[in-house]
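Quick mapping for you: the protein sequence lines, in order, are chains A and B. Okay, so the first sequence: first residue is 23 according to this note's numbering, each after it adds one. Okay, so the second sequence: first residue is 357 according to this note's numbering, each after it adds one. Reading through the structure tokens given below for one structure.
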Amino acid sequence: MTIWEQFVPVAKPGETTVVLPMDREAFAGFYERVARPLWAYLARTSGDPGLADDLMQESFVRFLCADTKTAGDIEARRYLFRIASNLLKDHWRRRTASSIEDLPEGAFASQTSAIQMDSDALLAPAMAKMKPRERQMLWLAYAEGYSHKEIAEVMGVGTTSVRLLLFRARKKMAGMLAAEGV
Amino acid sequence: MSLMRKDEENQILREAMQSAKSAAMPQARLEPAELVWWRAQLRKRQAALEKVSAPVRGVQEFTAALVLCVAAVVAISGWGGLLKPLLSTAGLVGLGMVVVLAGVVVYLTLERE
Chain A
23 MTIWEQFVPV AKPGETTVVL PMDREAFAGF YERVARPLWA YLARTSGDPG
73 LADDLMQESF VRFLCADTKT AGDIEARRYL FRIASNLLKD HWRRRTASSI
123 EDLPEGAFAS QTSAIQMDSD ALLAPAMAKM KPRERQMLWL AYAEGYSHKE
173 IAEVMGVGTT SVRLLLFRAR KKMAGMLAAE GV
Chain B
357 MSLMRKDEEN QILREAMQSA KSAAMPQARL EPAELVWWRA QLRKRQAALE
407 KVSAPVRGVQ EFTAALVLCV AAVVAISGWG GLLKPLLSTA GLVGLGMVVV
457 LAGVVVYLTL ERE
């Protein structure tokens, strides 16, 4: 197994419907549609636009190298987000040499300020106070509109865990946003 | 009451996250899709080459190890005792065949893997 292969999720037998492998033109269209939302996900959950640039490119390269035949844009997109989530998780693990859950909530607060956006001036501080996994879940649920099952698939956790963790994260985040007057 | 609260929270979060997403997306500095595509092709080719060359590398390592073992045995047993039979034509041919056959077996095993 090569190094990049360990970050690429392995499809279970019968999980994907074989359609067509993505050729160069199809990839160009897919890239055009998905690259920016993926970058936004990586930038807002990591709080580091530079890291988001690197991880986004790497995600696409690994997506292509995996040669997975997916049943369309939606499935391919979910698969790509899964690769990106794995890369992000690995980055956090390497950085702290510990579990992602052990990271302090404000660990990325200083980096978050790197993204200067008027519209989320209130969201950024609240996001910085969340744990990385909570940010990922919230983003996937509310920015990407993914269901619990889809979030579980993207993040590689159980659906029940997603339901519980998302419930807590939603309470926490909504409380902070309400306190800031959103 | 609780359901209403949940709906409110969902609404607050959806609006905030969607707004953050809209603001973040234009900031992405995208490389051309072609470049990403070719980078992936190069990496795939590199991975394929590594896979193909793995059995050959295995044989090389095995042969090197075998030569070292023979050299060690010869050195330990002394030149006189073991070298005489090995230096005969039959001995050399036999040793050569053993090395070649062992290499082929290792190659086939690794290739199958």
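Glycine included, C-beta positions come from ideal geometry on N, C-alpha and C.
Cβ-based burial, residue i [other Cβ within 10 Å; buried from 16]
i	result
K193 of chain A	exposed
Q158 of chain A	buried
S169 of chain A	exposed
M177 of chain A	buried
F189 of chain A	exposed
P71 of chain A	buried
F130 of chain A	Confidence at F130 of chain A is low in this model, with a pLDDT of 49, below 50, so its placement is unreliable and the value that follows should be read with caution. Buried is the call here.
S444 of chain B	exposed
A427 of chain B	exposed
A396 of chain B	buried
G452 of chain B	exposed
G69 of chain A	buried
A431 of chain B	exposed
Of the residues the options, the one placed nearest residue i, counting alpha carbons only
i	options	result
L464 of chain B	B:A446, B:E364, B:F418, B:L391	B:F418
D112 of chain A	A:E54, A:H170, A:R100, A:R155	A:R155
F85 of chain A	A:G167, A:A98, A:L145, A:D76	A:A98
E202 of chain A	B:L369, B:V429, B:Q416	B:L369
E390 of chain B	A:A174, A:K151, A:F82	A:F82
L424 of chain B	B:G447, B:Q367, B:V455	B:V455
E54 of chain A	A:M78, A:L110, A:G167	A:M78
L187 of chain A	A:I96, A:K153, A:A65	A:K153
A165 of chain A	A:L60, A:K171, A:R116	A:L60
V56 of chain A	A:M44, A:A174, A:R100, A:E47	A:R100
R413 of chain B	B:G459, B:L398, B:Q397	B:G459
L457 of chain B	B:L422, B:A404, B:T445, B:V429	B:L422
A74 of chain A	A:R58, A:R116, A:R115	A:R58
Q402 of chain B	A:T67, A:F52, A:D76, A:C87	A:C87
Whole-angstrom C-beta distance between residue j and residue i, which should lie under 8 Å
i	j	result
F49 of chain A	W393 of chain B	6 Å
A148 of chain A	K377 of chain B	About 15 Å; that fails the 8 Å criterion.
A65 of chain A	A380 of chain B	6 Å
E371 of chain B	A196 of chain A	Actually they are not in contact, since the Cβ atoms of E371 of chain B and A196 of chain A sit about 11 Å apart, beyond 8 Å.
E80 of chain A	L110 of chain A	Not confirmed; about 10 Å, so no contact.
V462 of chain B	V415 of chain B	5 Å
A191 of chain A	L160 of chain A	5 Å
The ligand PLP heavy atom lying under 7 Å from the CB of residue i
i	result
G447 of chain B	Looking at this structure, you won't find the ligand PLP or any other ligand, since it has none at all.
_Using a Cβ distance threshold of 8 Å, determine whether the region 76-93 of chain A contacts the region 407-414 of chain B, with at least three qualifying pairs required._
No contact exists between the region 76-93 of chain A and the region 407-414 of chain B.
*Please confirm if the region 366-386 of chain B is in contact with the region 169-182 of chain A, defined as three or more CB-CB distances below 8 Å between the two stretches.*
Under the three-pair Cβ rule at 8 Å, the region 366-386 of chain B does not count as touching the region 169-182 of chain A.
*Write down every uninterrupted run of the beta strand (DSSP E) in the region 388-426 of chain B whose length is 3 residues or greater and which is fully enclosed by it, in chain order.*
Within the region 388-426 of chain B, no beta strand (DSSP E) run of at least 3 residues lies entirely inside it.
_Threshold first: 4 residues or longer. Then list the alpha helix (DSSP H) segments lying entirely within the region 39-98 of chain A, N to C._
With a minimum length of 4 residues, the unbroken runs of alpha helix (DSSP H) contained wholly in the region 39-98 of chain A fall at 46-68, 71-88.
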